[in-house]
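S.K.:
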Amino acid sequence: MSSIESPSAGQGRLMASGQRRLRLYVTMGQRLLRDSLLFQILLHDEVELVGESETGVATLNRLKRATPSVLLIEENLQDNDGLTIAEHALAVNPSLSVLLISDTPVSSGRMAIYLEAGIKAVVSKDQPVQELIKTLFYIRNGQVYVGNWQQEPAPAAMLAYQALSGREREVAQLMASRLPVRDIAGRLGVSCKTVHSYKDRIFVKLGFERLPELILFMQRHQHGAAE
Amino acid sequence: MATSGAAEILLRYDDDQDRQHFETLFASDFVIHAFATDQGALDYLPSAATIPTAIVLLPNRADDYLESSLLARARDHHPRILKILIGDAIALNLLVKLLDHQLVDRCFEQPVNPDVIRSHVLTAALTREGQTFSPDTSEAHEGPKPAILIVDDEPTATRYLSRQLERMQDEFRVLSAISAEEAQLVLQKDSDVAVVMTDQRMPGMHGKELLDELRQSHPTIVRILTSAWGEVDVAMDAVNEGRIFRYQKKPWNAAELLSLFRKALVQHRTLVSARDRSRSIAEQQFAELRQQRRARLLEHLNERVDGFTGEPITADFLDALATVRTLPAQPPHLRASRETALEHDLVRDFAGMVGRQLSTLQPGHVHGIQNRQAFDQALANALENPAGTSETQTPLMALCQALATLMKASGLERSALELTRTESGLMVASASPLHMYSHLLAPITRLSRPLLEQQSALLMLFVSTRLLAGDIDVTGGDQCLRLSLHLPARAD
Chain F
32 MSSIESPSAG
42 QGRLMASGQR
52 RLRLYVTMGQ
62 RLLRDSLLFQ
72 ILLHDEVELV
82 GESETGVATL
92 NRLKRATPSV
102 LLIEENLQDN
112 DGLTIAEHAL
122 AVNPSLSVLL
132 ISDTPVSSGR
142 MAIYLEAGIK
152 AVVSKDQPVQ
162 ELIKTLFYIR
172 NGQVYVGNWQ
182 QEPAPAAMLA
192 YQALSGRERE
202 VAQLMASRLP
212 VRDIAGRLGV
222 SCKTVHSYKD
232 RIFVKLGFER
242 LPELILFMQR
252 HQHGAAE
Chain V
17 MATSGAAEIL
27 LRYDDDQDRQ
37 HFETLFASDF
47 VIHAFATDQG
57 ALDYLPSAAT
67 IPTAIVLLPN
77 RADDYLESSL
87 LARARDHHPR
97 ILKILIGDAI
107 ALNLLVKLLD
117 HQLVDRCFEQ
127 PVNPDVIRSH
137 VLTAALTREG
147 QTFSPDTSEA
157 HEGPKPAILI
167 VDDEPTATRY
177 LSRQLERMQD
187 EFRVLSAISA
197 EEAQLVLQKD
207 SDVAVVMTDQ
217 RMPGMHGKEL
227 LDELRQSHPT
237 IVRILTSAWG
247 EVDVAMDAVN
257 EGRIFRYQKK
267 PWNAAELLSL
277 FRKALVQHRT
287 LVSARDRSRS
297 IAEQQFAELR
307 QQRRARLLEH
317 LNERVDGFTG
327 EPITADFLDA
337 LATVRTLPAQ
347 PPHLRASRET
357 ALEHDLVRDF
367 AGMVGRQLST
377 LQPGHVHGIQ
387 NRQAFDQALA
397 NALENPAGTS
407 ETQTPLMALC
417 QALATLMKAS
427 GLERSALELT
437 RTESGLMVAS
447 ASPLHMYSHL
457 LAPITRLSRP
467 LLEQQSALLM
477 LFVSTRLLAG
487 DIDVTGGDQC
497 LRLSLHLPAR
507 AD
């Protein structure tokens, strides 16, 4: 799968051609989930958080002043239906890209209705956070993005992990235990530069971009939480 | 066309290795029918059980496909099939020509991002994007003359071209802007812009970005990108993402542009009439659906609600809802009503929720409320305990519970209610309008708990006000309503 262009690689190209920043507005009822998501999303420096709300009414009240380019909104909100709020947001600002977060995967019939209603993408709470972030970048210019949402994602990272060399696995394990590069180099008796090149190779092979992804993957794997 | 199974792709390849690679990438997403010749594909098309969603071309030499009988046939006879060209290197001239002849809809260079290809095909399978209307070749309609807007940061060239074009014809006006930002201002002022031709390289917002935005904000404006630079990647993005009508190379030639703009105006009229037709059809058909829904709601609620109060409350409630204006009906609303269980579930779930609420309500009329303190206390309780309780409710408790729910749906606090003592009792009115973005008689794409709760709260407000021998007045506005209740003081 070497031909897959990672969203951030595509990002670099788009940025070079005078790309606007991704101005994000987030509407999610629960603070804990909103924070967890934002911690991940804001690691990408093209993203700027221009506003957030817990409710649909507050979103519509603030949206005009915040001028976001992307609205990330939960389908099920406390006060109003998220989709109805999104439809009203689009009536006010048709160039807004809306990403809807559903509780469960949606059927293709429902997906068709959402797309026709002007929603750019739907990600369900069953999907990994990487899928959400990838989708966020795909829809930023007003594009529709439909992933293979009904299929079980292939355990790509797992297969890729098994294909790592012994030394690479060793480095991955040490990195996942949050050991600094210098200490890893010392322990393996190699230079820091070598450790960095192992690190780069591991990230490329596993399809990760950031250390937290590797840590989560390794710990899940080691403790058998992942199947 | 909502597909039940996987979408089908007709693959036309030259090199067997390309076919294998493509199948490795997409075999789990799509059913792929591969052909090494145009004739093979052409023979297959008429006999196919389902018309494929997309034709994907993997040519050795992309230029050969200008003469492709497969592409011409798909264009002329199967306008809904998405035509995707994937080449090793795409020359700008080829892309411009393919676009002129409408032979391809999307164009990519290897290596492709499988996510993007998959998304384009799945989207085509799910939406009716390919739905085409016969071009509207009727002469320009009555009314103001349409305008062509040319956006370029070299005002001298634009001015010269505009003057030439103005002299050559009397069908359209020519406007100009020296930046994307100025173009947006022009578009705000002039609602008759039918075509925008923009240069790609400009200080500030680039042409491609402007066209991306126009595609969302002004979908009936025909978009043309122009450039002196042969940036094929920009052109491809503009085709794939911006869905441009044509790519016009510089330097400009007035005669060539005149014919291009004439074609673009026909396209614009086609888009406008398609939009108007689909809008009026949607509104008409929804009006029927609304009647049916109203009748079914009455049928399911009449006995229970009106029986409870002894008055025709349900009809009053539905009449009040009908005064609240929501967004106009669109095709997806019709689709939701017809292709999903929405209509059935709406009536069932609403009647069920109302039934449950009525069952906890103390039956029988109570004439009036004791005093203002009693009302204040009941309202404070309801606001503190929004979930409500299953214990038996007095009409006053039910009324306050309903008010609390309606205020929560509008993000309003207690202070948004104005209480006035009158000679005969208490007036309760909303100081600012209560939001109502959707309601039982509005176009709906999805049934949600907040909607049902808000709607049943309004009905319970009607019921409990009547049980207290009071009056309720609802005035609808744009996605909102104003409420005023008059509750008589108890005689004792």
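Taken in order, these protein sequences are the chains called F and V. Position in the first sequence (first residue = 1) + 31 = our numbering. Position in the second sequence (first residue = 1) + 16 = our numbering. Think of the CB as a built atom: it goes at the ideal place given N, C-alpha and C, for glycine as much as any other residue. Source: prediction; values computed, not measured.
(1) Rounded to a whole number of angstroms, what is the C-alpha to C-alpha distance between K279 (chain V) and M369 (chain V)?
(2) Give me, in chain order, the residues of the same chain whose beta-carbon lies closer than 8 Å to that of T166 (chain F); leave out the 5 immediate sequence neighbours on both sides.
(3) Counting only beta-carbon separations shorter than 8 Å, does L419 (chain V) have a partner in chain F?
(4) Got a sec? Which residues, its chain only, sit under 6 Å from R134 (chain V) by beta carbon, not counting five neighbours each side?
(5) Note down the Cα distance separating D332 (chain V) from S472 (chain V), rounded to an integer number of angstroms.
(6) Using a Cβ-Cβ cutoff of less than 7 Å, which residues in the same chain neighbour Q71 (chain F) once the five nearest sequence positions on both sides are dropped?
(7) Check the Cβ-Cβ distances between H75 (chain F) and every residue of chain V, and say whether any is below 8 Å.
(8) Since L305 (chain V) is in the alpha helix (DSSP H), which residue starts that stretch and which ends it?
(9) Going along the chain, which residues of the stretch 164-175 of chain F sit with their C-beta nearer than 8 Å to a C-beta in chain V?
(10) Looking at the structure shown, is E85 (chain F) part of a helix, part of a strand, or coil, going by DSSP?
(11) Does chain V have any CB closer than 8 Å to the CB of E118 (chain F)?
(12) Identify the contact partners of T242 (chain V) in chain F, using a Cβ-Cβ distance below 8 Å as the criterion.
(13) Let me see if you follow: with CB-CB separation under 8 Å, is Q109 (chain F) close to chain V or not?
(14) Would you kindly report the start and end of the unbroken alpha helix (DSSP H) that includes M252 (chain V)?
(15) Going by beta carbon distance, what residues of the same chain come within less than 8 Å of E79 (chain F), once the five residues before and after it are set aside?
(16) I want to verify the contact list: residues of chain V whose CB lies under 7 Å from the CB of I144 (chain F), in sequence order.
(17) Less than 8 Å between the beta carbons of K99 (chain V) and L82 (chain V), yes or no?
(18) For G441 (chain V), list the residues DSSP reports as bridge partners.
(19) Where does M249 (chain F) fall in DSSP's three states?
(20) How big is the Cα-Cα spacing for P171 (chain V) and I240 (chain V)?
(21) Does any C-beta atom of chain V lie closer than 8 Å to the C-beta of E260 (chain F)?
(22) Helix or strand or just coil, what does DSSP make of F38 (chain V)?
(23) Sort V:V47, V:Q470, V:L317, V:S85 by Cα distance to A57 (chain V) and report the nearest one.
(24) Indicate the three-state DSSP secondary structure (helix, strand or coil) for M206 (chain F) in the structure shown.
(25) With a Cβ-Cβ cutoff of 8 Å, do L102 (chain F) and L127 (chain F) count as a contact?
(26) Any idea what DSSP makes of F234 (chain F), helix, strand or coil?
(27) Which residue or residues does DSSP assign as beta-bridge partners of M423 (chain V)?
(28) Quick check: is the beta carbon of S126 (chain F) nearer than 8 Å to any beta carbon in chain V?
(29) Where does the unbroken beta strand (DSSP E) through Q264 (chain V) begin, and where does it stop?
(30) Starting from the C-beta of L317 (chain V), find all residues in its chain whose C-beta is less than 7 Å away, skip the five residues before and the five after it, and write them out in chain order.
(31) DSSP three-state call for G103 (chain V): helix, strand or coil?
(32) Applying the criterion that 16 or more other CB atoms from any shown protein chain within 10 Å of the CB defines a buried residue, is H117 (chain V) buried or exposed?
(33) Please classify D494 (chain V): is it buried, with 16 or more other beta-carbons within 10 angstroms of its beta-carbon, or exposed?
(34) I need the straight-line Cα distance from A22 (chain V) to T69 (chain V), nearest angstrom please.
(35) Can you grab the Cα-Cα spacing for the pair E299 (chain V) / L343 (chain V), in whole Å?
(36) Use the C-beta contact count for W245 (chain V): other C-beta atoms within 10 angstroms, 16 or more gives buried, fewer gives exposed.
M.R.: With the structure as the only source:
(1) Their backbone Cα atoms lie some 56 Å apart in a straight line.
(2) Non-local C-beta neighbours of T166 (chain F) in its own chain, meaning closer than 8 Å and more than five positions away in sequence, comprise L130, A152, V154, Y176, G178, ordered along the chain.
(3) Interface criterion not met: the Cβ of L419 (chain V) is under 8 Å from no Cβ in chain F.
(4) Within its own chain, the residues whose Cβ lies closer than 6 Å to the Cβ of R134 (chain V), once the five positions on either side in sequence are excluded, are D45, listed in chain order.
(5) About 14 Å.
(6) V160, I164.
(7) The beta carbon of H75 (chain F) sits no closer than 8 Å to any beta carbon of chain V.
(8) Counting along the chain, the unbroken alpha helix (DSSP H) around L305 (chain V) starts and ends at 270-317.
(9) For the stretch 164-175 of chain F, the set of positions with a beta-carbon nearer than 8 Å to some beta-carbon of chain V reads K165, Y169, N172, G173, Q174, V175 in chain order.
(10) Correct three-state label for E85 (chain F): coil.
(11) Judged by the 8 Å Cβ criterion, E118 (chain F) is in contact with chain V.
(12) Under the 8 Å cutoff, chain F gives no residues; its nearest Cβ is about 16 Å from T242 (chain V).
(13) Put simply, the CB of Q109 (chain F) is near chain V, with a gap under 8 Å to one of its CB atoms.
(14) Run containing M252 (chain V): 248-256, per the alpha helix (DSSP H) assignment.
(15) Excluding positions up to five away in sequence, the list reads R52, L53, R54, L55.
(16) Here the neighbours are P348, R351, A352, T461.
(17) It is not a contact, given that the beta carbons lie outside the stated cut-off.
(18) According to DSSP, which records beta bridges pairwise, G441 (chain V) is partnered with V:P504.
(19) Reduced to three states, the DSSP call for M249 (chain F) is helix.
(20) Distance from the CA of P171 (chain V) to the CA of I240 (chain V), rounded to the nearest whole angstrom, comes to 18 Å.
(21) Here chain F has residues from 32 to 258 only, and residue 260 (chain F) is not among them.
(22) DSSP places F38 (chain V) in helix when its eight states are reduced to three.
(23) For the residues V:V47, V:Q470, V:L317, V:S85, the minimum Cα distance to A57 (chain V) belongs to V:S85.
(24) Here M206 (chain F) sits in helix by DSSP.
(25) Their beta carbons are under 8 Å apart, which means L102 (chain F) touches L127 (chain F) by this criterion.
(26) Of the three classes helix, strand and coil, the one that applies to F234 (chain F) here is helix, per DSSP.
(27) According to DSSP, which records beta bridges pairwise, M423 (chain V) is partnered with nothing at all.
(28) True, the Cβ-Cβ gap to chain V drops below 8 Å.
(29) Secondary structure note for Q264 (chain V): its beta strand (DSSP E) is the uninterrupted segment 262-265.
(30) So the list reads T330, A367, V370, once near-sequence residues are dropped.
(31) Three-state result, G103 (chain V): strand.
(32) Exposed, since its Cβ has fewer than 16 Cβ neighbours within 10 Å.
(33) Label assigned to D494 (chain V): exposed.
(34) One C-alpha to the other measures close to 10 Å.
(35) Those two C-alpha atoms are separated by around 11 Å.
(36) So W245 (chain V) counts as exposed.
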